[in-house]
Ligand SMILES: [Zn+2]
Ligand SMILES: [Zn+2]
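In structure tokens:
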């Protein structure tokens, strides 16, 4: 079984002592593709370095909205130099966090707009972080035609109405371990509503460990709990849920990046190209 963790931070210092062990544990559990998400310039470079170490690891470039006070529009633009690396496949995480840092909303908006411009320039999809900021996030994407780049709402925390809006614009929805929590009935409803073809799963490790690991440091191998719950809600097998979410990840992140696709993906492209030519 091939499982994909669409969003984690395995390059964080929480794993500095046992990164290789965690990776081996992840591979042994079937998680062989993952996206290491950057939260500031230095951190994006760390993610990129770690992504070089194993096949199936990718990274993103971005500045987290919680850090909006520390950076400018130009700092986001400067991340473009990292994008020449083959493993860099997305822009973000970006968006709004009005839960932890409500005071910097104006600056968060400037940075979000900068990420949208960067994503367009580079032809890469967006990783959206939306915490307590559904209205602001949607408004900003509407205003700047940010939807055009494609992307994912990571750690989706909205209701079915928001999910519908996100899906209407062709964005994917990524489900975290929260879906296993007792009080997460709204998220479970979103999973039931959302077509399997538009779902991704993620750990957001080191945060948000699923039950029964809640409160402990998260790691990619725990994504099986999340996947199991998604499979149950979609009434498919674990294998089918793993296969679909992996395919969706490839479709979103690896098809959009020329030359960065997995072998199967470039085969598909070649076949498509031939079809057009003939
Ligand atoms: Zn986030
Ligand atoms: Zn994150």
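In this note's numbering, the protein residues as written are 10 to 287. We treat Cβ as the ideally placed atom computed from N, Cα and C, and that holds for glycine. Just so we're clear, the structure is a prediction, and the values are computed from it rather than from any experiment.
Assign residue i to buried or exposed, taking buried as 16 or more other Cβ atoms, counted over all protein chains shown, within 10 Å of its Cβ.
i: residue 273; result: Summary for residue 273: the model assigns pLDDT 45, below 50, so the residue's position carries little reliability; its value from the coordinates is reported in the next sentence. It counts as exposed.
i: residue 98; result: buried
i: residue 50; result: buried
i: residue 221; result: exposed
i: residue 118; result: buried
i: residue 244; result: exposed
i: residue 52; result: buried
i: residue 3; result: In the structure as shown, the chain begins at 10 and stops at 287. Residue 3 is therefore absent and cannot be evaluated.
i: residue 224; result: exposed
i: residue 90; result: exposed
i: residue 79; result: exposed
If the criterion is Cβ atoms closer than 8 Å, does the pair residue i and residue j meet it?
i: residue 164; j: residue 213; result: yes
i: residue 246; j: residue 40; result: no
i: residue 124; j: residue 73; result: no
i: residue 172; j: residue 203; result: yes
i: residue 170; j: residue 131; result: no
i: residue 42; j: residue 65; result: yes
i: residue 183; j: residue 200; result: no
i: residue 110; j: residue 75; result: yes
i: residue 6; j: residue 85; result: This structure cannot speak to residue 6, because the chain is shown only from 10 to 287.
i: residue 166; j: residue 140; result: yes
i: residue 153; j: residue 122; result: yes
i: residue 234; j: residue 215; result: no
i: residue 253; j: residue 205; result: yes
Skipping 5 residues on each side, what residues in its chain have a beta carbon closer than 7 Å to that of residue i?
i: residue 94; result: 57
i: residue 147; result: 174
i: residue 61; result: 96
i: residue 258; result: 13, 15, 42, 209
i: residue 248; result: 10
i: residue 232; result: 12, 14, 40, 210, 212
Could you name the residues of the same chain whose beta carbon sits closer than 6 Å to that of residue i, not counting the 5 residues immediately before and after it, in chain order?
i: residue 250; result: 236, 239, 240
i: residue 255; result: 11, 13
i: residue 133; result: 99, 100
i: residue 145; result: 105
i: residue 142; result: 105, 107
i: residue 281; result: Because the pLDDT at residue 281 is just 39, under 50, the model does not fix this residue reliably, and the point stays unresolved.
List the DSSP bridge partners of residue i.
i: residue 17; result: 45
i: residue 38; result: Bridge partners of residue 38: none, in fact.
i: residue 140; result: 106
i: residue 66; result: 43
i: residue 135; result: 100, 160
Excluding five sequence neighbours on each side, which residues of the same chain lie with their C-beta closer than 8 Å to the C-beta of residue i?
i: residue 59; result: 19, 20, 28, 45, 66, 68
i: residue 30; result: none
i: residue 284; result: Because residue 284 sits at a pLDDT of 38, beneath the cut-off of 50, its placement in the model cannot be relied upon, and the following sentence gives the value as read from the coordinates. If we look at residue 284 and ignore the five residues flanking it on each side, it has no Cβ neighbours.
Is any heavy atom of ligand 4 found at a distance shorter than 7 Å from the C-beta of residue i?
i: residue 18; result: No copy of ligand 4 occurs in the structure displayed; its ligands are ligand 1 and ligand 2 alone.
Residue ranges of each beta strand (DSSP E) within the region 195 to 280, 3 or longer: Runs found: 208 to 210.
Could you give the uninterrupted runs of the beta strand (DSSP E) lying entirely in the region 86 to 130, keeping only those of 3 residues or more? Within the region 86 to 130, the runs of beta strand (DSSP E) at least 3 residues long that lie entirely inside it are, in chain order, 97 to 106.
Which residue spans inside the region 149 to 196 form an unbroken beta strand (DSSP E) run of at least 3? Every beta strand (DSSP E) stretch that sits fully inside the region 149 to 196 and reaches 3 residues is listed by chain position as 160 to 163, 181 to 184.
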